[in-house]
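Asks: Residue 394 in my numbering is what sits at position 171 of the sequence shown, and the numbering runs on without skipping anything. Here a beta-carbon is modelled for each residue, glycine too, at the ideal position from N, C-alpha and C. Got a structure for you, questions after.
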Amino acid sequence: MRKSVRQITDGAMMIAIIGLFVIINRQFLFILETYAAFLMPLPILFYTVKHGLRNAWVVAFGMTIISFILGTPQSLFFMASALANGLAYGYGVSKKKANEWLLGITILITAATMFLTTYAFAAFFGYNVMEEVGLIIEYLKTLDSITIDATLTATLYAMYPMVILLTAVLQSILTHISAILLMKRLKIAVLPMRPLNTMRVPKPMGWIALALLFSPFFAKALTDNIDLQVTANLVYLIALMVFLFDTFIFLSLAAPVVKMKRLPTIALLLYLILPAPMTYVCIIIGALDILTDFRNRVLYRR
(Lines of atoms letter the chains of each structure in order from A and count residues from 1; the text may use other names and numbers.)
(Lines give C-alpha, C1' and ligand atoms only; values in the text may rest on other atoms or scores of the structure.)
Protein backbone atom coordinates (compact mmCIF):
# COMPACT_ATOMS: atom_id res chain seq x y z
CA MET A 1 0.00 0.00 0.00
CA ARG A 2 2.75 2.41 0.98
CA LYS A 3 4.62 1.59 -2.24
CA SER A 4 1.55 2.36 -4.37
CA VAL A 5 1.04 5.67 -2.59
CA ARG A 6 4.69 6.55 -3.20
CA GLN A 7 4.37 5.72 -6.89
CA ILE A 8 1.29 7.92 -7.24
CA THR A 9 2.90 10.77 -5.28
CA ASP A 10 6.12 10.66 -7.29
CA GLY A 11 4.17 10.46 -10.55
CA ALA A 12 2.03 13.47 -9.65
CA MET A 13 5.15 15.43 -8.71
CA MET A 14 6.90 14.60 -11.98
CA ILE A 15 3.82 15.59 -14.00
CA ALA A 16 3.60 18.85 -12.04
CA ILE A 17 7.27 19.61 -12.78
CA ILE A 18 6.68 19.06 -16.50
CA GLY A 19 3.55 21.23 -16.38
CA LEU A 20 5.52 24.04 -14.73
CA PHE A 21 8.28 23.63 -17.33
CA VAL A 22 5.76 23.92 -20.17
CA ILE A 23 4.12 27.03 -18.69
CA ILE A 24 7.45 28.81 -18.09
CA ASN A 25 8.63 27.79 -21.54
CA ARG A 26 5.54 29.30 -23.16
CA GLN A 27 5.71 32.50 -21.11
CA PHE A 28 9.36 33.03 -22.07
CA LEU A 29 8.78 32.47 -25.81
CA PHE A 30 9.93 28.82 -25.86
CA ILE A 31 13.44 29.64 -24.69
CA LEU A 32 13.59 26.61 -22.37
CA GLU A 33 12.99 24.03 -25.09
CA THR A 34 15.83 25.66 -27.02
CA TYR A 35 18.48 26.18 -24.34
CA ALA A 36 17.40 23.80 -21.57
CA ALA A 37 16.12 20.88 -23.65
CA PHE A 38 18.68 18.58 -22.04
CA LEU A 39 16.79 18.87 -18.73
CA MET A 40 13.41 17.79 -20.12
CA PRO A 41 14.02 13.99 -19.93
CA LEU A 42 15.07 14.07 -16.25
CA PRO A 43 11.65 13.80 -14.51
CA ILE A 44 10.47 10.71 -16.42
CA LEU A 45 14.02 9.31 -16.26
CA PHE A 46 13.99 9.52 -12.48
CA TYR A 47 10.56 7.92 -12.27
CA THR A 48 11.53 5.09 -14.65
CA VAL A 49 14.63 4.24 -12.62
CA LYS A 50 12.75 4.31 -9.33
CA HIS A 51 9.46 2.61 -10.24
CA GLY A 52 10.11 0.67 -13.44
CA LEU A 53 9.27 1.08 -17.10
CA ARG A 54 5.72 -0.31 -16.86
CA ASN A 55 4.63 2.29 -14.30
CA ALA A 56 6.54 5.02 -16.13
CA TRP A 57 4.38 4.61 -19.24
CA VAL A 58 1.35 5.84 -17.28
CA VAL A 59 3.22 8.89 -16.00
CA ALA A 60 4.58 9.58 -19.50
CA PHE A 61 1.03 9.55 -20.84
CA GLY A 62 0.03 12.06 -18.14
CA MET A 63 2.96 14.29 -19.10
CA THR A 64 1.89 14.14 -22.74
CA ILE A 65 -1.66 15.19 -21.83
CA ILE A 66 -0.48 18.09 -19.67
CA SER A 67 1.85 19.25 -22.47
CA PHE A 68 -1.03 19.07 -24.94
CA ILE A 69 -3.24 21.19 -22.68
CA LEU A 70 -0.69 23.81 -21.62
CA GLY A 71 1.72 23.89 -24.56
CA THR A 72 1.74 24.10 -28.33
CA PRO A 73 1.89 21.36 -30.98
CA GLN A 74 5.59 22.10 -31.44
CA SER A 75 6.22 21.82 -27.70
CA LEU A 76 4.29 18.55 -27.65
CA PHE A 77 6.68 17.09 -30.22
CA PHE A 78 9.74 18.10 -28.20
CA MET A 79 8.13 16.71 -25.06
CA ALA A 80 7.48 13.38 -26.79
CA SER A 81 11.16 13.25 -27.74
CA ALA A 82 12.22 14.05 -24.18
CA LEU A 83 9.91 11.34 -22.83
CA ALA A 84 11.38 8.80 -25.27
CA ASN A 85 14.85 9.80 -24.12
CA GLY A 86 13.96 9.56 -20.44
CA LEU A 87 12.18 6.21 -20.78
CA ALA A 88 15.04 4.66 -22.76
CA TYR A 89 17.70 6.05 -20.44
CA GLY A 90 15.81 5.05 -17.30
CA TYR A 91 15.27 1.55 -18.68
CA GLY A 92 18.99 1.29 -19.40
CA VAL A 93 19.90 2.36 -15.86
CA SER A 94 17.47 -0.14 -14.32
CA LYS A 95 18.99 -2.90 -16.48
CA LYS A 96 22.52 -1.72 -15.55
CA LYS A 97 23.48 -0.91 -19.12
CA ALA A 98 26.94 0.57 -19.73
CA ASN A 99 27.37 4.33 -19.92
CA GLU A 100 28.27 3.97 -23.60
CA TRP A 101 24.84 2.42 -24.25
CA LEU A 102 23.05 5.14 -22.27
CA LEU A 103 24.86 7.94 -24.09
CA GLY A 104 24.47 6.21 -27.46
CA ILE A 105 20.69 5.77 -27.19
CA THR A 106 20.35 9.39 -26.04
CA ILE A 107 22.36 10.64 -29.03
CA LEU A 108 20.30 8.48 -31.39
CA ILE A 109 16.94 9.79 -30.17
CA THR A 110 18.11 13.41 -29.93
CA ALA A 111 19.66 13.37 -33.41
CA ALA A 112 16.55 11.79 -34.92
CA THR A 113 14.41 14.50 -33.31
CA MET A 114 16.60 17.31 -34.61
CA PHE A 115 16.70 15.95 -38.15
CA LEU A 116 12.92 15.54 -38.17
CA THR A 117 12.32 19.09 -36.93
CA THR A 118 14.90 20.60 -39.29
CA TYR A 119 14.14 18.70 -42.49
CA ALA A 120 11.03 16.48 -42.46
CA PHE A 121 8.78 18.97 -40.61
CA ALA A 122 10.77 22.16 -41.23
CA ALA A 123 7.76 24.26 -42.23
CA PHE A 124 5.78 23.13 -39.18
CA PHE A 125 8.57 24.18 -36.80
CA GLY A 126 9.47 27.36 -38.66
CA TYR A 127 12.88 26.28 -39.99
CA ASN A 128 14.25 27.12 -43.42
CA VAL A 129 17.65 25.55 -43.99
CA MET A 130 18.09 27.10 -47.44
CA GLU A 131 17.41 30.59 -46.11
CA GLU A 132 19.75 30.21 -43.12
CA VAL A 133 22.64 28.94 -45.22
CA GLY A 134 21.88 31.68 -47.76
CA LEU A 135 22.40 34.29 -45.03
CA ILE A 136 25.79 32.75 -44.21
CA ILE A 137 26.78 32.88 -47.88
CA GLU A 138 25.70 36.53 -48.15
CA TYR A 139 27.87 37.35 -45.14
CA LEU A 140 30.87 35.50 -46.60
CA LYS A 141 30.50 37.50 -49.82
CA THR A 142 31.23 40.65 -47.83
CA LEU A 143 34.68 39.28 -46.92
CA ASP A 144 37.30 40.09 -49.54
CA SER A 145 39.55 37.19 -48.54
CA ILE A 146 36.98 34.50 -49.41
CA THR A 147 35.89 33.53 -52.91
CA ILE A 148 32.42 32.04 -53.11
CA ASP A 149 32.22 29.34 -55.78
CA ALA A 150 29.81 26.49 -56.45
CA THR A 151 31.88 23.98 -54.46
CA LEU A 152 32.00 26.16 -51.33
CA THR A 153 28.28 26.89 -51.57
CA ALA A 154 27.41 23.21 -51.90
CA THR A 155 29.77 22.37 -49.02
CA LEU A 156 28.03 24.88 -46.74
CA TYR A 157 24.66 23.32 -47.50
CA ALA A 158 26.07 19.84 -46.94
CA MET A 159 27.73 20.80 -43.64
CA TYR A 160 24.39 21.73 -42.08
CA PRO A 161 23.60 18.09 -41.14
CA MET A 162 27.01 17.86 -39.46
CA VAL A 163 26.17 20.90 -37.34
CA ILE A 164 22.86 19.29 -36.34
CA LEU A 165 24.62 16.05 -35.43
CA LEU A 166 27.22 17.85 -33.31
CA THR A 167 24.45 19.78 -31.55
CA ALA A 168 22.67 16.50 -30.81
CA VAL A 169 25.87 15.01 -29.40
CA LEU A 170 26.50 18.02 -27.13
CA GLN A 171 22.91 18.06 -25.90
CA SER A 172 23.03 14.31 -25.21
CA ILE A 173 26.27 14.68 -23.24
CA LEU A 174 24.63 17.39 -21.10
CA THR A 175 21.62 15.13 -20.51
CA HIS A 176 23.92 12.24 -19.59
CA ILE A 177 25.95 14.32 -17.12
CA SER A 178 22.81 15.86 -15.60
CA ALA A 179 21.25 12.41 -15.17
CA ILE A 180 24.34 11.04 -13.41
CA LEU A 181 24.51 14.05 -11.08
CA LEU A 182 20.78 13.74 -10.30
CA MET A 183 20.96 10.02 -9.56
CA LYS A 184 24.01 10.43 -7.34
CA ARG A 185 22.27 13.24 -5.47
CA LEU A 186 19.20 11.01 -4.97
CA LYS A 187 21.46 8.09 -3.94
CA ILE A 188 20.52 5.93 -6.91
CA ALA A 189 23.22 3.43 -7.85
CA VAL A 190 24.92 4.25 -11.15
CA LEU A 191 27.70 2.47 -12.97
CA PRO A 192 31.07 4.26 -12.74
CA MET A 193 32.32 6.10 -15.79
CA ARG A 194 34.82 4.26 -17.93
CA PRO A 195 38.40 5.29 -16.99
CA LEU A 196 39.83 7.78 -19.44
CA ASN A 197 43.06 5.84 -19.91
CA THR A 198 41.11 2.88 -21.29
CA MET A 199 39.50 4.98 -24.02
CA ARG A 200 41.20 4.62 -27.38
CA VAL A 201 39.96 4.64 -30.95
CA PRO A 202 40.32 1.11 -32.40
CA LYS A 203 43.33 0.72 -34.69
CA PRO A 204 41.27 -0.47 -37.73
CA MET A 205 39.07 2.62 -37.42
CA GLY A 206 42.21 4.74 -37.23
CA TRP A 207 43.58 3.32 -40.49
CA ILE A 208 40.22 3.87 -42.21
CA ALA A 209 40.01 7.45 -40.92
CA LEU A 210 43.57 8.12 -42.05
CA ALA A 211 42.76 6.91 -45.56
CA LEU A 212 39.55 8.96 -45.68
CA LEU A 213 41.48 12.15 -44.91
CA PHE A 214 42.70 12.08 -48.52
CA SER A 215 39.20 11.75 -50.01
CA PRO A 216 38.90 15.46 -51.02
CA PHE A 217 42.19 15.33 -52.94
CA PHE A 218 41.19 12.20 -54.86
CA ALA A 219 37.68 13.54 -55.53
CA LYS A 220 39.04 16.81 -56.90
CA ALA A 221 41.63 15.02 -59.06
CA LEU A 222 39.30 12.37 -60.47
CA THR A 223 36.06 14.25 -61.09
CA ASP A 224 34.52 17.67 -61.58
CA ASN A 225 31.22 16.60 -60.04
CA ILE A 226 30.42 19.06 -57.27
CA ASP A 227 28.18 16.64 -55.37
CA LEU A 228 30.97 14.07 -55.13
CA GLN A 229 33.43 16.72 -54.00
CA VAL A 230 31.03 17.89 -51.30
CA THR A 231 30.53 14.31 -50.14
CA ALA A 232 34.30 13.86 -50.00
CA ASN A 233 34.60 17.01 -47.87
CA LEU A 234 32.02 15.66 -45.43
CA VAL A 235 33.86 12.33 -45.26
CA TYR A 236 37.04 14.27 -44.49
CA LEU A 237 35.32 16.12 -41.63
CA ILE A 238 34.03 12.87 -40.12
CA ALA A 239 37.51 11.31 -40.33
CA LEU A 240 39.03 14.43 -38.80
CA MET A 241 36.66 14.18 -35.82
CA VAL A 242 38.11 10.74 -35.04
CA PHE A 243 41.60 12.21 -34.64
CA LEU A 244 40.33 15.26 -32.75
CA PHE A 245 38.52 13.00 -30.28
CA ASP A 246 41.59 10.85 -29.69
CA THR A 247 43.85 13.90 -29.37
CA PHE A 248 41.56 15.32 -26.68
CA ILE A 249 41.82 12.05 -24.73
CA PHE A 250 45.60 12.01 -25.10
CA LEU A 251 45.94 15.62 -23.91
CA SER A 252 43.63 14.94 -20.96
CA LEU A 253 45.89 12.05 -19.92
CA ALA A 254 49.02 14.11 -20.55
CA ALA A 255 47.83 17.07 -18.43
CA PRO A 256 48.72 15.56 -15.02
CA VAL A 257 51.98 14.14 -16.39
CA VAL A 258 53.26 17.53 -17.57
CA LYS A 259 51.57 19.25 -14.59
CA MET A 260 49.33 21.43 -16.76
CA LYS A 261 45.73 20.89 -15.67
CA ARG A 262 44.39 23.19 -18.36
CA LEU A 263 46.29 21.58 -21.23
CA PRO A 264 43.12 20.41 -23.09
CA THR A 265 41.57 23.88 -22.67
CA ILE A 266 44.72 25.58 -23.96
CA ALA A 267 44.79 23.21 -26.94
CA LEU A 268 41.14 24.00 -27.69
CA LEU A 269 41.79 27.75 -27.61
CA LEU A 270 44.79 27.32 -29.90
CA TYR A 271 42.63 25.30 -32.28
CA LEU A 272 40.05 28.08 -32.38
CA ILE A 273 42.73 30.74 -32.96
CA LEU A 274 44.88 28.75 -35.41
CA PRO A 275 42.57 26.12 -36.93
CA ALA A 276 44.70 25.27 -39.98
CA PRO A 277 48.03 24.40 -38.30
CA MET A 278 46.36 22.88 -35.24
CA THR A 279 44.37 20.55 -37.50
CA TYR A 280 47.62 19.01 -38.74
CA VAL A 281 48.97 18.81 -35.18
CA CYS A 282 45.84 16.99 -34.01
CA ILE A 283 45.97 14.58 -36.95
CA ILE A 284 49.61 13.74 -36.17
CA ILE A 285 49.02 13.25 -32.43
CA GLY A 286 45.83 11.29 -33.00
CA ALA A 287 47.39 9.04 -35.65
CA LEU A 288 50.43 8.30 -33.46
CA ASP A 289 48.23 7.51 -30.46
CA ILE A 290 45.83 5.28 -32.40
CA LEU A 291 48.23 3.45 -34.69
CA THR A 292 51.35 3.12 -32.49
CA ASP A 293 52.35 2.69 -28.83
CA PHE A 294 52.93 6.46 -28.63
CA ARG A 295 50.77 6.79 -25.50
CA ASN A 296 52.70 4.17 -23.53
CA ARG A 297 56.10 5.50 -24.59
CA VAL A 298 55.39 9.17 -23.91
CA LEU A 299 53.06 9.07 -20.91
CA TYR A 300 53.95 5.86 -19.12
CA ARG A 301 57.56 5.34 -20.29
CA ARG A 302 56.89 1.72 -21.21
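(1) With a cut-off of 8 angstroms, do at least 3 Cβ pairs link the segment 383-394 to the segment 467-475?
(2) Applying the criterion that 16 or more other CB atoms from any shown protein chain within 10 Å of the CB defines a buried residue, is F440 buried or exposed?
(3) Figure out for me which residue from I238, M385, L404, T378 has the closest Cα to the Cα of S290.
(4) Between the Cα of L457 and those of D469, A432, P479, spot the shortest distance and give me the residue it belongs to.
(5) For L404, is the classification buried or exposed, using 16 other Cβ atoms within 10 angstroms of its Cβ as the cut-off for buried?
(6) Quick one: what's got a C-beta closer than 8 angstroms to V245's C-beta in the same chain, skipping five residues either side?
(7) Under the three-state reduction of DSSP, which class applies to A259: helix, strand or coil?
(8) For T376, which residues from the same chain have a beta carbon less than 8 angstroms from its beta carbon, with the 5 sequence-adjacent residues on both sides left out?
(9) Which residues bound the alpha helix (DSSP H) around K443?
(10) Can you check which of these residues, F269, T333, F284, K320, is closest to T257 by C-alpha distance?
(11) Does the separation of the CB atoms of I508 and D447 fall below 9 angstroms?
(12) Is there contact between the segment 274-290 and the segment 309-318, where contact requires at least three CB pairs shorter than 8 angstroms?
(13) If you compare alpha carbons, which of V413, Y380, R520 is closest to V179?
(14) Would you mind sorting S438 into buried or exposed? The rule is 16 or more other CB atoms within 10 Å of its CB.
(15) Would you list, in sequence order, the uninterrupted alpha helix (DSSP H) runs of no fewer than 4 residues that lie entirely inside the segment 242-299?
(16) Please confirm whether V504 and M406 have their CB atoms less than 9 angstroms apart.
(17) Using DSSP with H/G/I as helix, E/B as strand and the rest coil, what is D469?
(18) Can you tell me the Cα-Cα spacing of M353 and A345, whole angstroms?
(19) In whole angstroms, what separates the C-alpha of L363 from that of L460?
(20) Let me confirm a value: V465 is counted as buried when at least 16 other C-beta atoms fall within 10 Å, else exposed. Which label applies?
(21) If Y350 sits next to T336, beta carbons under 8 angstroms apart, how far is it from one beta carbon to the other, in whole angstroms?
(22) If you count every other CB in all the chains shown that lies within 10 Å of the CB of T378, and 16 or more means buried, which is it?
(23) Assuming the contact rule is C-beta atoms closer than 8 angstroms, L409 and K319 should be a hit. Round their C-beta distance to whole Å, please.
(24) Could you work out which residue in A442, G429, L262, K443 is closest to T515 when comparing CA atoms only?
(25) Return the CA-CA distance between L463 and I506, expressed in angstroms with no decimal places.
(26) If I'm right that A442 touches L451 with Cβ under 8 angstroms, what's the distance once you round it to whole angstroms?
(27) Look at T287 and L265 and say whether their C-beta atoms are less than 9 angstroms apart.
(28) Answer with buried or exposed for R518, where buried requires no fewer than 16 other C-beta atoms within 10 angstroms of its C-beta.
(29) Can you check whether the CB of L276 is closer than 9 angstroms to the CB of Y314?
Replies: Put simply:
(1) Not touching, per the Cβ criterion.
(2) On the sequence shown, residue 440 is found 217 positions in, with the first residue counted as 1. With fewer than 16 Cβ atoms within 10 Å of its Cβ, F440 is classed as exposed.
(3) Numbered from 1 along the sequence shown, position 67 holds the residue referred to as residue 290. Out of I238, M385, L404, T378, I238 has the C-alpha closest to the C-alpha of S290.
(4) The residue you call residue 457 lines up with position 234 of the sequence shown. Distance from the Cα of L457 is smallest, within the candidate group D469, A432, P479, for A432.
(5) Numbered from 1 along the sequence shown, position 181 holds the residue referred to as residue 404. So L404 ends up on the exposed side.
(6) As a first step, residue 245 must be located in the sequence shown, where it is residue number 22. These residues qualify, in order along the chain: I289, S290, L293, G294, S298, M302.
(7) To locate residue 259, count along the sequence shown from 1; it is residue 36. Look at A259 here: in three-state DSSP terms it is coil, with no helix or strand label.
(8) What you label residue 376 is simply residue 153 of the sequence shown in a count that begins at 1. Taken in chain order, the residues that qualify are I360.
(9) On the sequence shown, position 220 is the one that residue 443 refers to. For K443, the uninterrupted alpha helix (DSSP H) run begins and ends at 438-445, by DSSP.
(10) Numbered from its first residue, the sequence shown carries residue 257 at position 34. Ranking F269, T333, F284, K320 by Cα distance to T257 puts T333 first.
(11) The count along the sequence shown starts at 1 and reaches residue 508 at position 285. The count along the sequence shown starts at 1 and reaches residue 447 at position 224. No, the Cβ-Cβ distance between I508 and D447 is not below 9 angstroms.
(12) Result yes; three or more Cβ-Cβ pairs closer than 8 angstroms.
(13) Because the chain here runs from 224 to 525, residue 179 falls outside it and cannot be looked at.
(14) By 1-based counting over the sequence shown, the position of residue 438 is 215. Around the beta carbon of S438, 16 or more other beta carbons lie within 10 angstroms, which makes this residue buried.
(15) DSSP runs (the alpha helix (DSSP H)) wholly in the segment 242-299: 255-258, 265-274, 276-293.
(16) Taking the sequence shown and counting its residues from 1, one reaches residue 504 at position 281. Taking the sequence shown and counting its residues from 1, one reaches residue 406 at position 183. Cβ distance not < 9 angstroms, so V504 and M406 don't count as in contact.
(17) Residue numbering aside, residue 469 sits at position 246 when the sequence shown is read from its first letter. In the structure shown, D469 sits in a helix (DSSP, three-state: H, G or I).
(18) Working through the sequence shown from its first residue, we reach residue 353 at position 130. Working through the sequence shown from its first residue, we reach residue 345 at position 122. One C-alpha to the other measures close to 11 angstroms.
(19) Reading the sequence shown from its first residue, position 140 is the one you call residue 363. Reading the sequence shown from its first residue, position 237 is the one you call residue 460. When rounded, the distance between both Cα atoms is 20 angstroms.
(20) Numbered from 1 along the sequence shown, position 242 holds the residue referred to as residue 465. It is buried - the Cβ of V465 has at least 16 other Cβ atoms within 10 Å.
(21) Taking the sequence shown and counting its residues from 1, one reaches residue 350 at position 127. Taking the sequence shown and counting its residues from 1, one reaches residue 336 at position 113. No, Y350 and T336 are not in contact; Cβ-Cβ is about 13 angstroms, not under 8 angstroms.
(22) For the purposes of this step, residue 378 is taken as the residue at position 155 of the sequence shown. Around the beta carbon of T378, 16 or more other beta carbons sit within 10 angstroms, so the residue counts as buried.
(23) Counting from 1 along the sequence shown, the entry for residue 409 is found at position 186. Counting from 1 along the sequence shown, the entry for residue 319 is found at position 96. So it is not a contact: roughly 17 angstroms between Cβ atoms.
(24) In the sequence shown, the residue the question calls residue 515 occupies position 292. T515 has its Cα closest to that of G429, out of A442, G429, L262, K443.
(25) Walking along the sequence shown from the start, residue 463 turns up at place 240. Walking along the sequence shown from the start, residue 506 turns up at place 283. So the alpha carbons of these two residues sit roughly 7 angstroms apart.
(26) Within the sequence shown, the letter at position 219 stands for residue 442. Within the sequence shown, the letter at position 228 stands for residue 451. Between L451 and A442 the Cβ distance is about 5 angstroms, and since that is below 8 angstroms, they are a contact.
(27) What you label residue 287 is simply residue 64 of the sequence shown in a count that begins at 1. What you label residue 265 is simply residue 42 of the sequence shown in a count that begins at 1. 9 angstroms or more divides the Cβ of T287 from the Cβ of L265.
(28) Position 295 of the sequence shown holds residue 518. By the neighbour-count rule (16 or more Cβ atoms within 10 Å), R518 is buried.
(29) Against the sequence shown, residue 314 aligns to sequence position 91. Against the sequence shown, residue 276 aligns to sequence position 53. Note that the C-beta distance between Y314 and L276 is below 9 angstroms.
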